[in-house]
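Numbering (full-length UniProt numbering), first residue to last: 1 to 690.
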């Protein structure tokens with residue numbers, strides 16, 4: 001039955017006039033057919049081989065209509081329609097770089113009609129110029145041929161319309177005549193656009209910087225004048241000679257989303273000159289030399305031969321942990337694991353006992369004590385128990401130790417969720433000491449194991465940077481984890497966060513909410529903190545501001561709320577590398593007792609860094625609400641550049657030594673505006689590692 005429907009559809013389409021009679025007719029035909037194809041496309045029997053063949057034919061026909069619609073949108077200069085098609089289909093589905101019957105590509109039509117917005121949209125989607133245009137002469141000849149053939153066709157149709165009596169065929173010929181007249185005007189406009197165009201001017205703001213010990217990076221902007229023709233590619237050339245004789249290499253850039261290029265495989269300590277030129281349909285324009293005129297591949301570490309701070313640290317820590325595990329392999333704490341029959345019997349008896357006590361081991365209400373709660377969320381949903389409570393287990397109902405010390409120890413344990421059983425067994429050995437601290441920490445490990453067992457998952461996520469407390473003596477340690485896949489959990493289910501907040505019946509007064517009520521009220525803020533703390537900076541060099549404040553039991557560091565795992569900062573530039581020459585200049589500035597703002601020589605990398613630092617310091621002082629005159633005694637940390645994975649690096653701006661850390665009770669006249677918070681230093685260090 002379905003096959004017959006498809007045949008009927010094909011016969012109906014065959015009876016229609018062959019091809020559109022005008023540009024708008026092609027668009028209407030595309031829309032009408034696309035709706036019909038969608039209906040029959042999904043109604044086919046997937047098990048039928050013949051059906052699959054018909055389906056493939058329909059798909060190709062559908063994509064052919066999309067390609068025709070793209071050509072029509074470009075010809076009609078319909079930018080919105082072009083962007084819609086580029087978003088809806090891939091370049092392959094649109095046949096973006098397959099010439100039509102006239103040997104033209106969509107990009108050819110856009111650039112020869114000088115439609116820069118459409119040309120840029122096509123270029124960013126990966127469009128190319130027609131390979132038929134190997135020279136200026138071939139392009140000119142091709143356009144002349146198109147104009148001549150279109151003119152000839154218009155003359156033929158005009159004669160037929162004039163000489164024939166009015167009838168149905170005459171009406172059809174009039175439609176064809178209008179379509180060919182329109183196409184004739186299009187080709188004439190393309191030909192005129194090509195003839196009036198000239199080669200583009202040189203690119204502007206060509207800047208050269210050192211990217212590493214073996215590479216340099218060049219960035220540039222479009223020419224001020226493209227001379228009536230869109231630039232479709234750029235050429236970067238480099239040489240060890242300022243005259244570029246001999247040239248060492250060149251690269252053509254035809255992906256114009258980001259106008260930059262990194263030249264790799266260079267020799268450290270050698271000067272390289274770079275120039276950039278632009279291309280349009282009339283050819284290559286003049287080259288523009290970079291500023292500075294040359295760059296020497298290097299890195300700041302070459303100044304004193306310093307090795308990376310973190311080189312081998314992760315391997316050394318893994319090795320150390322392995323040694324600790326080896327020592328504890330044969331300790332008494334592992335004996336219970338060997339006694340399988342007793343362990344199995346005990347487990348069975350507990351399971352049988354559990355049958356007579358329905359309900360989970362999650363707590364419904366809090367008494368005075370220390371508790372652990374795990375928040376798992378996905379989109380706008382959160383995991384709750386079958387009683388619609390956030391999962392909570394008890395750590396210690398008689399807690400009276402130093403909270404901050406135990407809390408910071410807990411945050412370190414959160415880096416080893418998979419090792420909790422081993423840690424429990426090792427801490428068990430020391431129970432004879434009856435230390436309050438050891439007992440609390442052992443109870444923490446028990447609570448973690450209990451939470452992991454009840455949820456059926458090892459990784460409980462990231463610890464929120466401070467516990468939630470109430471006036472009744474309850475303390476909640478909160479972990480947060482975003483679930484991005486369809487994981488299965490035990491004893492819990494998903495509910496919308498808003499539903500949980502509105503349906504929960506509070507047992508406390510608004511003046512003195514319990515820790516659970518406080519957690520539920522502020523849960524959106526905590527989820528936002530968790531999401532922001534996992535964001536990464538884009539590659540580049542940053543200027544960070546280090547400001548600490550101390551309390552009785554901890555030191556806290558100032559961070560922005562929007563990125564709490566990073567110091568307050570502003571971006572200096574996109575290139576994270578500090579060259580040896582730049583570092584030498586910074587060292588010179590740091591060694592002067594009373595620095596005088598003397599600018600380096602013009603057209604050097606040091607001068608460019610000097611200007612970038614001036615802008616960054618002003619921006620950073622405004623951000624943290626410090627008047628610029630008060631920052632005259634601030635200094636750059638000159639011992640090292642902080643490197644984070646090779647793509648992000650930091651220069652630190654420090655207050656005077658007496659003001660780096662504000663002591664308890666000390667007045668700080670310049671407090672940052674809203675949008676900042678202070679984290680315990682150990683929490684900040686853990687977040688930075690993550």
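Even glycine gets a Cβ: it sits at the ideal position worked out from N, Cα and C. Here the structure is a predicted model, which is why all the values come from computation and not from measurement.
Helix, strand or coil at residue i [DSSP, three-state]
i           : result
residue 511 : coil
residue 637 : coil
residue 271 : coil
residue 497 : helix
residue 257 : coil
residue 569 : strand
residue 251 : strand
residue 518 : helix
residue 31  : Because residue 31 sits at a pLDDT of 41, beneath the cut-off of 50, its placement in the model cannot be relied upon, and the following sentence gives the value as read from the coordinates. Residue 31: helix per DSSP, three-state reduction.
residue 288 : strand
residue 211 : strand
residue 618 : helix
residue 325 : helix
residue 630 : helix
residue 293 : strand
residue 87  : helix
residue 202 : coil
residue 474 : strand
residue 663 : coil
residue 224 : coil
residue 592 : coil
residue 436 : helix
residue 77  : coil
residue 484 : coil
Burial state of residue i, where buried means 16 or more other Cβ atoms lie within 10 Å
i           : result
residue 144 : exposed
residue 415 : exposed
residue 285 : buried
residue 341 : Note that residue 341 scores a pLDDT of 41, beneath 50, so its modelled location is shaky and nothing firm can be said.
residue 221 : exposed
residue 683 : buried
residue 386 : exposed
residue 254 : exposed
residue 498 : exposed
residue 479 : buried
residue 67  : buried
residue 514 : buried
residue 777 : No statement about residue 777 is possible, as the shown extent of the chain runs from 1 to 690 and does not include it.
residue 306 : exposed
residue 708 : Residue 708 is absent from the model: the chain starts at 1 and stops at 690.
residue 319 : exposed
residue 691 : Because the chain spans 1 through 690 in this model, residue 691 falls outside it and cannot be assessed.
residue 535 : exposed
residue 113 : buried
residue 72  : buried
residue 542 : buried
residue 139 : buried
residue 687 : buried
Cβ of residue i within 9 Å of any chain C Cβ
i           : result
residue 633 : Included in the structure is just one protein chain, with no chain C present.
9 Å Cβ cutoff met for residue i and residue j
i           : j           : result
residue 501 : residue 523 : yes
residue 298 : residue 579 : yes
residue 437 : residue 406 : yes
residue 462 : residue 484 : no
residue 368 : residue 409 : no
residue 96  : residue 127 : yes
residue 218 : residue 276 : yes
residue 492 : residue 383 : yes
residue 581 : residue 296 : yes
residue 530 : residue 464 : yes
residue 586 : residue 653 : no
residue 664 : residue 557 : no
residue 91  : residue 130 : no
residue 256 : residue 423 : no
residue 454 : residue 495 : no
8 Å contact criterion, which residue i and residue j should meet: CB distance rounded
i           : j           : result
residue 540 : residue 576 : 6 Å
residue 242 : residue 604 : Actually they are not in contact, since the Cβ atoms of residue 242 and residue 604 sit about 15 Å apart, beyond 8 Å.
residue 564 : residue 677 : 7 Å
residue 199 : residue 283 : 5 Å
residue 74  : residue 118 : 6 Å
residue 183 : residue 159 : Not really, about 18 Å apart at Cβ, beyond 8 Å.
Problem - Segments of 3+ residues assigned as beta strand (DSSP E) that fall wholly inside the stretch 355-395 - result: The qualifying runs are 369-378, 381-385.
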